[in-house]
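Visitor: Counting the sequence shown from 1 gives a position; my numbering is that position plus 5.
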Amino acid sequence: MNNVVPVLGIACNMLPNSIPTLSSSLTTPLAVIITIILFFFAKFIRNKPPCQHPLPPGPTPLPFIGCFIQMLLNRPTFRWIHKLMTQFKTPILCIRLGPSTHVIAVSCPNLACEFLKKQDEVFSSRPVILSADLVILSSSTHKWLQPKRDEEANHLLRYICNQIEKQDTTTNGGLVNIRLTTQHFCGNLIRKMVFGKRFFGDGMQDGGPGEEETEHVTSVLILLKYLYAFSITDYFPWLGGKTDFDGHEKILKTAIQRVRKYQDPLIDERIQMWNEGVRKVDNDLLDVLINHGKPKLTSEEIKAQIIELMIATIDNPSNAIEWAMAEMLNEPTILKRAIAELDHEVGRQRLVEERDLHKLNYIKACIKEAFRLHPFLPFNPPHVSIMNTTVAGYFIPKGSHVLLSRPGLGRNPNVWKDALKFDPDRHLDEEGKQVVLSDNEMRMVSFSTGRRGCPGVVLGSTITTMMLARMLQAFTWEVPHNESGIKLVENQDDLSLAKPLLVVAIPRLHQSLYPKF
Numbered sequence: 006m007n008n009v010v011p012v013l014g015i016a017c018n019m020l021p022n023s024i025p026t027l028s029s030s031l032t033t034p035l036a037v038i039i040t041i042i043l044f045f046f047a048k049f050i051r052n053k054p055p056c057q058h059p060l061p062p063g064p065t066p067l068p069f070i071g072c073f074i075q076m077l078l079n080r081p082t083f084r085w086i087h088k089l090m091t092q093f094k095t096p097i098l099c100i101r102l103g104p105s106t107h108v109i110a111v112s113c114p115n116l117a118c119e120f121l122k123k124q125d126e127v128f129s130s131r132p133v134i135l136s137a138d139l140v141i142l143s144s145s146t147h148k149w150l151q152p153k154r155d156e157e158a159n160h161l162l163r164y165i166c167n168q169i170e171k172q173d174t175t176t177n178g179g180l181v182n183i184r185l186t187t188q189h190f191c192g193n194l195i196r197k198m199v200f201g202k203r204f205f206g207d208g209m210q211d212g213g214p215g216e217e218e219t220e221h222v223t224s225v226l227i228l229l230k231y232l233y234a235f236s237i238t239d240y241f242p243w244l245g246g247k248t249d250f251d252g253h254e255k256i257l258k259t260a261i262q263r264v265r266k267y268q269d270p271l272i273d274e275r276i277q278m279w280n281e282g283v284r285k286v287d288n289d290l291l292d293v294l295i296n297h298g299k300p301k302l303t304s305e306e307i308k309a310q311i312i313e314l315m316i317a318t319i320d321n322p323s324n325a326i327e328w329a330m331a332e333m334l335n336e337p338t339i340l341k342r343a344i345a346e347l348d349h350e351v352g353r354q355r356l357v358e359e360r361d362l363h364k365l366n367y368i369k370a371c372i373k374e375a376f377r378l379h380p381f382l383p384f385n386p387p388h389v390s391i392m393n394t395t396v397a398g399y400f401i402p403k404g405s406h407v408l409l410s411r412p413g414l415g416r417n418p419n420v421w422k423d424a425l426k427f428d429p430d431r432h433l434d435e436e437g438k439q440v441v442l443s444d445n446e447m448r449m450v451s452f453s454t455g456r457r458g459c460p461g462v463v464l465g466s467t468i469t470t471m472m473l474a475r476m477l478q479a480f481t482w483e484v485p486h487n488e489s490g491i492k493l494v495e496n497q498d499d500l501s502l503a504k505p506l507l508v509v510a511i512p513r514l515h516q517s518l519y520p521k522f
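(1) Can you give me the C-alpha to C-alpha distance between Asp320 and Leu493, rounded to a whole angstrom?
(2) What's the call for Thr481, buried or exposed, on a 16-neighbour Cβ count within 10 Å?
(3) With a 10 Å radius around its C-beta and 16 neighbouring C-beta atoms as the bar for buried, classify Glu435 as buried or exposed.
(4) Quick check on Ile74: buried or exposed, where buried means 16 or more other Cβ atoms within 10 Å of its Cβ?
(5) Secondary structure at Glu483, three-state DSSP: helix, strand or coil?
(6) My output table needs one value for Val357: the three-state DSSP class, helix, strand or coil.
(7) Assign Ile391 to buried or exposed, taking buried as 16 or more other Cβ atoms, counted over all protein chains shown, within 10 Å of its Cβ.
(8) Counting beta carbon pairs with one atom in the stretch 321-338 and one in the stretch 496-504, are three or more of them shorter than 8 Å?
(9) Taking C-beta to C-beta, are Leu194 and Glu254 nearer than 8 Å?
(10) Ordered along the chain, which non-local residues of its own chain (more than five positions away) have a Cβ less than 7 Å from that of Ser30?
(11) Check for me: the beta strand (DSSP E) holding Leu180 runs from which residue to which?
(12) If we count the other Cβ atoms within 10 Å of its Cβ and call it buried at 16 or more, is Leu425 buried or exposed?
(13) I'd like the list of long-range same chain contacts for Asn177, defined as Cβ closer than 8 Å, with 5 residues on each side in sequence excluded.
(14) Alpha carbon to alpha carbon, how far is Leu60 from Leu232? Give it in angstroms, no decimals.
(15) For Val407, which of His363, Pro66 and Thr106 has the nearest alpha-carbon?
(16) When DSSP labels each residue in this structure, what does His379 get in the three-state scheme?
(17) Counting C-beta neighbours from all protein chains within 10 Å, is the total for Lys153 16 or more, i.e. buried, or is it exposed?
(18) Please classify Pro512: does DSSP put it in a helix, a strand, or coil?
(19) Please report the straight-line C-alpha distance between Ile134 and Tyr240, rounded to a whole angstrom.
(20) Buried or exposed: which applies to Ala343, given that a residue is buried once 16 or more other Cβ atoms fall within 10 Å of its Cβ?
(21) Could you tell me which residues DSSP pairs with Glu495 in its beta bridges?
(22) Under 8 Å by Cβ, that's how I've got Arg475 and Val351 pegged, so tell me the actual separation to the nearest angstrom.
(23) Determine the burial state of Pro418: buried for a count of at least 16 other Cβ atoms within 10 Å of its Cβ, exposed for fewer.
(24) Does the stretch 306-313 touch the stretch 388-405, meaning 3 or more C-beta pairs lie closer than 8 Å?
(25) Would DSSP call Leu165 helix, strand or coil?
(26) Scan the stretch 197-275 and note each continuous beta strand (DSSP E) run of 3 residues or more that stays entirely inside, going in chain order.
(27) With a 10 Å radius around its C-beta and 16 neighbouring C-beta atoms as the bar for buried, classify Arg196 as buried or exposed.
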């Protein structure tokens, strides 16, 4: 080990003599490059702690750059990682990216529990910190905001009815874009809960999003896609600000600017109102963030909290509903059973409300099955080890990025019978216990878990269940007449449906129950 460092000097001294055919203009840069490579190699060897345990299985990394060339040649990265796990026949994979960062992918529930439950303190850090301790989503705050959620659930029905009326009579129904509808609903709802209003601008006459809301939601979804997207500068941080090899930095900066363009002026104005005593009563989540942070949050921390909340509540519920609807339309028996539960527990004389959700176990089982089989992201946000440790006999170095594979866990054939089949019954208990959308045994990941878990589990569960229940109760849904079924094909670049789900909606309740505004 002690002989490694002198190698640098020897190499530099020998370099000019070893390449006499090169011009002097090339010798100096080449010497610098080799010196840098040897320096990092020596540093890696020197800092490598003695350990009797091996790293998890994985491809052999090159010096300094690790497996970056392989990663760049195999986009999208998440499909390459899952392919490697299949090739190595392992539920835990280690890929070194850059000089020293080990990415650990996990698809086994027992290992997931070891990382995020038994050794939670070791893996409680993240490479990008967007959040502090959230106090805004307590049970009391959740209940206090129920009227805002009820109001937006009514707007959802109004919007779908308007889409139908644009095309035909309510008797024959009309074509509805489920992806646009659900993302629009989630975006409006979280804006209403945070800022006390549904739109940044005037919105559309039919209740749909205007240009401002469309740009806002699109930018939030871009943030979600690129926030942990294996960017080169994540593993070579000294390149940050100097170059943007994969274009991620520019994409993220543009998206964050667009999101903040709408949110930050409202936040600054509200903070000023509280400071000047103009506002004195909490009316929404922004008021709670300003007044009840523990410790008190700065304006920048409040802005970061709200961005994280937007990211957590827009795409996850909407993706689950789109996939659930697609699967249920291809399985009429499942769809009929869900509707029968609604008719039995709620009836058709009033609209389903949040107080009914605890009785809709089969509806929740359908949603949980969509979360299991069709997660909205391939991995959870990375958990970073703050020290060297050992998991399942494998050495996990300090600074490793641990990724739970959502499809790897949810589709694990060793855990789930007929893992690729959409079967809500697998989540029902013989004793009739309440179905919860999260899984404490880590057999699937619907929401992030551990110390850095998703702060909006209850909120996300409520939004998703209420949205599907309202849509199934208020409308009969059918496959378009010129199609035999829904093509359940994933997008190559992510886990969403390859094409937005377009289906026919026909009102099934008395017209007096549909909200008028």
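Idealized CB from N, CA, C, for every residue including glycine. All values reported here derive from a predicted model rather than from experimental measurement.
Guide: Put simply:
(1) 18 Å
(2) exposed
(3) exposed
(4) exposed
(5) strand
(6) coil
(7) exposed
(8) Yes, they touch.
(9) no
(10) Low per-residue confidence applies at Ser30: pLDDT is 47, beneath 50, and the placement is therefore not dependable, though the value from the model is reported in the following sentence. So no residue of the chain qualifies.
(11) Gly179 to Asn182
(12) exposed
(13) Taken in chain order, the residues that qualify are Ile511.
(14) 27 Å
(15) Thr106
(16) coil
(17) With 16 or more Cβ atoms within 10 Å of its Cβ, Lys153 is classed as buried.
(18) strand
(19) Residue placement at Ile134 is poorly supported in this model, since its pLDDT is 30, which falls under 50; the coordinates still yield a value, given next. For Ile134 and Tyr240, the distance between alpha carbons rounds to 16 Å.
(20) buried
(21) Bridge partners of Glu495: Leu502.
(22) No, Arg475 and Val351 are not in contact; Cβ-Cβ is about 10 Å, not under 8 Å.
(23) So Pro418 counts as exposed.
(24) Because the criterion of three Cβ pairs below 8 Å is not met, the stretch 388-405 and the stretch 306-313 do not touch.
(25) With the sequence shown as reference, residue 165 is identified as Ile, and Leu is not the correct amino acid for it. Three-state DSSP puts Ile165 in a helix.
(26) none
(27) Under this definition Arg196 is a buried residue.
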